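Trainee: At position 644 of the sequence shown the residue is numbered 644 (my numbering), and the sequence of numbers has no breaks. Positions of the beta carbon are idealized from the N, C-alpha and C atoms, including for glycine. Just so you know, these numbers come straight off a predicted model, no measurement behind them.
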Amino acid sequence: HWVRFFFSLVQMCPPGLTAGFGVLPNGPLTAAVGGSVRFDTEVAPTETPFHTVIWTFVSGGKETPVVTATSQNKTSDGYQGRITLFIQTGSLELRKLALNDSGEYRLAIVTADGNSITGTTTLETLVPVSNVSLTASSTDLVEFNSTVRLSCSSLGSSISFRWMNDSAEILPSDRVQLSDKGATLTVAPVTRYDQRSFRCHVANVVSESSSNSVLLSVSYGPDDAHLDISPQQDYIEEGTNVVLSCSSDSRPAALFTWFVDGKDLSILASNLSLMNIRLHQSGNYSCRSFNAKTLRHKDSRISSTFVTQSTDHPIEGAALDVTCDGAGSIFFRQWKKGGSTLVPDERVTLRDKNRTLSFRAVVRSDSATYSCQISNPINEEEVAFSVLVNFGPDPVQITGPSQIQVKQTLTLTCSAASVPSATYTWTRLNHTAALHNESTHSGDYRCHLYNSVTSRFSTPITAVMVNHTGGVAVAEEPFTLNCHVSGEADLIQWLKNGHLVSADNTTVFDAENRTLTLSPAQPADAGQYQCQASNAVSNMTSIPYTLEVYYGPNTPMITAPSLALIGKHVLLNCSSSSHPPSVYKWSLNGTQVANTAEYLTGPLAFNMSGMYTCMAFNNVTGRNSTATHMLTVLAPVSMASITAAGAHPILNQMFSLTCETVGSVETITWMHHGAPLYPDGNTSLSLNNATLTFDPVLMSHNGNYTCEASNPLSGLTSENYALNVIHGPGVPNVTSPIVTVEGSSATLNCSALSYPASQYTWFFNGTPVANTSAYLASALSTNMSGTYTCMARNTITGDNSSADTVLTVLEKIKHVHIEVPVHPPVEGYSYMMTCNVSGPAYQVLWLKNGEPLITDARVVMSMDNRTVTLNELHRNDSGQYHCWAINPAQQLASPPHLLLVNYGPLSVAILGPDLSTSDLTISITCVADSRPQSEYEWFLNDVPSSVIGVGSIIQIPLLVSNYTCKATNPVTNVTMSHTKSLNPFGEYDSC
1 HWVRFFFSLV QMCPPGLTAG FGVLPNGPLT AAVGGSVRFD TEVAPTETPF HTVIWTFVSG
61 GKETPVVTAT SQNKTSDGYQ GRITLFIQTG SLELRKLALN DSGEYRLAIV TADGNSITGT
121 TTLETLVPVS NVSLTASSTD LVEFNSTVRL SCSSLGSSIS FRWMNDSAEI LPSDRVQLSD
181 KGATLTVAPV TRYDQRSFRC HVANVVSESS SNSVLLSVSY GPDDAHLDIS PQQDYIEEGT
241 NVVLSCSSDS RPAALFTWFV DGKDLSILAS NLSLMNIRLH QSGNYSCRSF NAKTLRHKDS
301 RISSTFVTQS TDHPIEGAAL DVTCDGAGSI FFRQWKKGGS TLVPDERVTL RDKNRTLSFR
361 AVVRSDSATY SCQISNPINE EEVAFSVLVN FGPDPVQITG PSQIQVKQTL TLTCSAASVP
421 SATYTWTRLN HTAALHNEST HSGDYRCHLY NSVTSRFSTP ITAVMVNHTG GVAVAEEPFT
481 LNCHVSGEAD LIQWLKNGHL VSADNTTVFD AENRTLTLSP AQPADAGQYQ CQASNAVSNM
541 TSIPYTLEVY YGPNTPMITA PSLALIGKHV LLNCSSSSHP PSVYKWSLNG TQVANTAEYL
601 TGPLAFNMSG MYTCMAFNNV TGRNSTATHM LTVLAPVSMA SITAAGAHPI LNQMFSLTCE
661 TVGSVETITW MHHGAPLYPD GNTSLSLNNA TLTFDPVLMS HNGNYTCEAS NPLSGLTSEN
721 YALNVIHGPG VPNVTSPIVT VEGSSATLNC SALSYPASQY TWFFNGTPVA NTSAYLASAL
781 STNMSGTYTC MARNTITGDN SSADTVLTVL EKIKHVHIEV PVHPPVEGYS YMMTCNVSGP
841 AYQVLWLKNG EPLITDARVV MSMDNRTVTL NELHRNDSGQ YHCWAINPAQ QLASPPHLLL
901 VNYGPLSVAI LGPDLSTSDL TISITCVADS RPQSEYEWFL NDVPSSVIGV GSIIQIPLLV
961 SNYTCKATNP VTNVTMSHTK SLNPFGEYDS C
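1) Report the rounded CA-to-CA distance for serine 778 versus leucine 651, giving the unit in angstroms.
2) Please report the distance separating the alpha-carbon of glutamate 208 from that of arginine 162.
3) Among residues of its own chain, excluding the 5 on either side of leucine 155, which ones have a beta-carbon nearer than 6 Å to its beta-carbon?
4) Starting from glutamine 955, follow the beta strand (DSSP E) in both directions and report where the run begins and ends.
5) Can you look up threonine 48 in the DSSP assignment and give me helix, strand or coil?
6) Given a threshold of 16 other Cβ atoms within 10 Å of its Cβ, counted over all protein chains shown, does histidine 817 qualify as buried or as exposed?
7) Please state whether the Cβ-Cβ distance between serine 758 and asparagine 794 is less than 8 Å.
8) Do the region 96 to 104 and the region 169 to 178 meet, that is, are 3 or more Cβ pairs less than 8 Å apart?
9) According to DSSP, what are the bridge partners of alanine 644?
10) Rounded to whole angstroms, what is the Cα-Cα separation between serine 862 and valine 868?
11) Mind pulling the beta strand (DSSP E) runs of 3 or more residues that sit fully within the region 704 to 761?
12) Can you check whether the CB of threonine 921 is closer than 8 Å to the CB of isoleucine 956?
13) Quick check on this structure: which residue in Asp877, Ser907, Ile886 has the alpha carbon closest to the alpha carbon of valine 901?
14) Going straight from the alpha carbon of serine 247 to that of isoleucine 277, what length do you get?
15) Suppose the cutoff is 8 Å on Cβ atoms and the five residues either side in sequence are ignored; what does the same chain contact list for glycine 912 look like?
16) Please name the residue, chosen from Val260, Phe256, Phe391, that lies closest to tyrosine 269 on a Cα-to-Cα basis.
17) Quick check on DSSP: helix, strand or coil for threonine 459?
18) From Pro712, Ser656, Glu742, Pro544, pick the residue whose C-alpha is nearest to that of asparagine 724; which is it?
19) By the DSSP assignment, the beta strand (DSSP E) with glutamate 238 in it spans what residues?
20) When DSSP labels each residue in this structure, what does glutamine 281 get in the three-state scheme?
21) Buried or exposed for threonine 917, going by 16 or more other Cβ atoms inside 10 Å?
22) Rounded to a whole number of angstroms, what is the C-alpha to C-alpha distance between proline 189 and glutamate 380?
23) In the DSSP assignment, find the beta strand (DSSP E) that holds lysine 814 and state where it starts and stops.
24) Got a sec? Which residues, its chain only, sit under 7 Å from glutamine 11 by beta carbon, not counting five neighbours each side?
25) Quick check: the Cα distance between methionine 557 and valine 593, rounded to an integer number of angstroms?
26) Once you ignore the five residues that flank methionine 976 on each side, which residues in its own chain have a CB closer than 7 Å to its CB?
27) Which of the three DSSP states, helix, strand or coil, is assigned to lysine 407?
28) Considering glutamate 124, what are the terminal residues of the beta strand (DSSP E) in which it resides?
29) Quick test of your reading: asparagine 969 and serine 934, contact by CB under 8 Å. State the CB separation rounded to the nearest angstrom.
30) In chain order, what residues of the same chain lie with their CB nearer than 7 Å to the CB of valine 662, ignoring the 5 residues before and after it?
31) What are the boundary residues of the beta strand (DSSP E) that arginine 623 is part of?
32) Less than 8 Å separating the beta-carbons of tyrosine 551 and histidine 569?
33) Would you mind sorting tyrosine 285 into buried or exposed? The rule is 16 or more other CB atoms within 10 Å of its CB.
34) Is the CB-CB distance between alanine 739 and proline 888 below 8 Å?
35) Please go through the region 474 to 544 and give each complete beta strand (DSSP E) segment of 3 or more residues, from N-terminal end onward.
36) Less than 8 Å separating the beta-carbons of valine 537 and proline 395?
So this is what it looks like as structure tokens:
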């Protein structure tokens, strides 16, 4: 309401006010639905920003804010994302146009110095032209018989139609009519020239489009059959080959039959060949063309030649047409006058292929004998006729004495050229006595001539006057004007405002044109009328007669609103075309309320709704005419709120919302999430849209609803009504461990789709254990294994749903260790390791040096993986071994077992000698690859009994001798020896 107050303030405060003229472009602006429009102002940008810019939209008497710009911009609902405001000039761009954007747009600007600028323009949005199509009532047509109706349909608003025939525009004519605002083209009847491609072009201000083309097929003919002969000779010699050809313009092609002397030859062909012609084949040949589609035929032989004239009594100065025709194919026409060939000139012409002899204006010298000769290669005929031109009487000549003696005979001779001969009448001015009286015979004598064919007189006209019959001229009633002529008139003509009056449907003349009757008279007949009388010797026009046509009152036109709010004043204006002007009376529901053309009501009440009647009365014509106008008094919509009809909106049950209103509500519109709501398969509206029914209500119906109650003068939108559909519970979703170990805790969670949220109960083997969605089971024991059930319950619907889960509580794995044989592991021998587990183990895994143990043909596991057998131990089998005991709830590793494979001795060798520093002794060393370390013995000269030392290193004197080292593995009990010859004075040898 503050926007409306602002405009009122602008109108009341004249200082600094700028009129709206020229601020915005003159409307209406036009734009396409879905497009955009820009309202550019003529306001120059200023250095200081405007204080306020306001745009509003007015439609149906309701003003709606569009955007308000102060220190902040505020865009109204419905225009978010659709507008751009150019703040420096106040211009506005509106996008995504819809039909309901049509209306008046108002701009108000308050400048930084407090001045106000206002402007108004209008916008008309149009639906673009689309889906243009053309249909024909029929496309298979017959010339002169068929009528075709072409209908053009299109989507779009404010459209116009233009019809095209090939590339030319089609305009209405005597055969072509446009109807349905140009959407329908009717051709009646069709001709052969209508066989073309038709299309319609549809356009409005914002777009245009053309239809598909429709091709009409018009069957016609046959036209006159034309017969040709070859060879073309007047006489054919016997034995000659003669070919007769028959042709005729026709669609479809004509069929031809042949006749000789009227006898059917039963030959169906366009050519007739007469080979080696004989005398007996002489005769009159003709052909007949026939169209099997139009069922028409034409013959070629000339017969029944005749001449017709446009009039039997041609009168000098009038036109005359003489037509020469005959039945059959006419190839040639020749006209003769007085036996000689007629030569056309500017006045006498031949037209229609010499068929018609036309005299533009006959003269008396045209009287003669004429003939018309028609021919074709088969035969010829000639007919003679006479033309007699009627004329006169010409000006009269009287011969005789101007003086004579009494008793003498007076002879006066009157003559004038005339065809036919005129009749004569003698008169003496101002005297009625007989002509043979004596002295009384003196005076002025006149001779009167009259031609009964030309209807002409030889007496001059002395006076012409116009008057009327009856009272004043009243529209829609007959009115007659009379032409009074003193003298004999050959011709009487009527003039209106100086222009010749011709007869038509409402203008009627008597036989001699002496009366002009307007039947009936119309307002357009008013004007200056004159009658003009003439004969061969005179011409006179009457003084003007002013005709004033009284009419009306026509049906009054009432301008007034159809709707108004209670307490307001309404001005009703009545006008009617009438001469003289009408007087007016107003009545409401039969009771008179005013006697003026304008009626301003008092403050409106509901009982002032009704039919207002304006009666216009013409005091001269005595006629009256009435018009009615319905005025409905409305109360403003003051309340709109949504209430639920029923307890709860339960899924798949019927539920209704009602829009409660106060005021004169004509329209109720429902919105869902801000978008208009339309009935569908399970949503319906009551007859007045007041009740919205969901049958049944679904989850998709959730959301915010509003109802808008309105009449053309006011409207109100309710607060949001949040619809939450009561549903569920659905099948619960249970999350919990499947297996755990004794002594631990387990949390079982339960959730179900439901509104409102469900209440939950947990059961263990049918016994309730908790009433929460999450159930914590602590200090578990094996006897707590079993089925746990969650039941979700909706407290409103009373429905419940359950889901189960099975929890298994296992005994705890207490101890895991590796058991090995008591004998040491020796390379080449088998070795077995066993994983001993105390507790439930579903799986046993072996690791070597932290990596899974890989089995092969030498490394073999038992079926339950608890025993590993190493066949033919190898020193590479040495390493740290673990075994893991695993079940679904627990896994436990054994302490590590270090496996060292015993082997050797291998590769026994004696190293040295090394000279001693103390005396003349040497040191030699015995080495061997072995686990554990080998024990060494030394022998001299390979005598086992001669042990000279033990240990890996011995000191020996410088003697020439063979030294043997024996290495023994105390675990594998394997012994190996090596002998080395030592010569202190030469080289060393070993074996």
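Mentor: The answer reads as follows:
1) 39 Å
2) 11 Å
3) Spatial neighbours of leucine 155 in its own chain (CB-CB distance under 6 Å, excluding positions within 5 residues in sequence) are listed in chain order as Ser130, Asn131.
4) 953 to 957
5) coil
6) exposed
7) yes
8) no
9) Leu657
10) 7 Å
11) 714 to 717, 721 to 723, 733 to 735, 739 to 741, 746 to 751
12) yes
13) Asp877
14) 22 Å
15) Non-local beta-carbon contacts of glycine 912 in its own chain, meaning distances under 8 Å to residues more than five positions away in sequence, involve Ile922, Ser923, Ile924, Thr925 in chain order.
16) The sequence as given places alanine at residue 269; tyrosine does not occur at that position. For the residues Val260, Phe256, Phe391, the minimum Cα distance to alanine 269 belongs to Phe256.
17) coil
18) Ser656
19) Taken as a continuous stretch (DSSP letters only), glutamate 238 belongs to no beta strand (DSSP E), as it is neither H nor E.
20) helix
21) Note that threonine 917 scores a pLDDT of 46, beneath 50, so its modelled location is shaky; the value from the coordinates is reported in the next line. Counting Cβ neighbours within 10 Å, threonine 917 comes out exposed, since fewer than 16 surround it.
22) 36 Å
23) Careful: lysine 814 lies outside any beta strand (DSSP E) and carries neither H nor E.
24) Because glutamine 11 carries a pLDDT of 36, less than 50, the predicted location of this residue cannot be relied on, and no value is offered for it.
25) 18 Å
26) Pro905, Val908, Ala928, Ala967
27) coil
28) Its beta strand (DSSP E) spans residues 116 to 126.
29) 5 Å
30) Ser638, Met639
31) Here arginine 623 belongs to no beta strand (DSSP E), and DSSP marks it neither H nor E.
32) no
33) buried
34) Looking at the sequence provided, one finds valine at residue 739 rather than alanine. The answer is yes: Cβ separation under 8 Å.
35) 479 to 486, 491 to 496, 507 to 509, 515 to 518, 527 to 535, 538 to 541
36) yes
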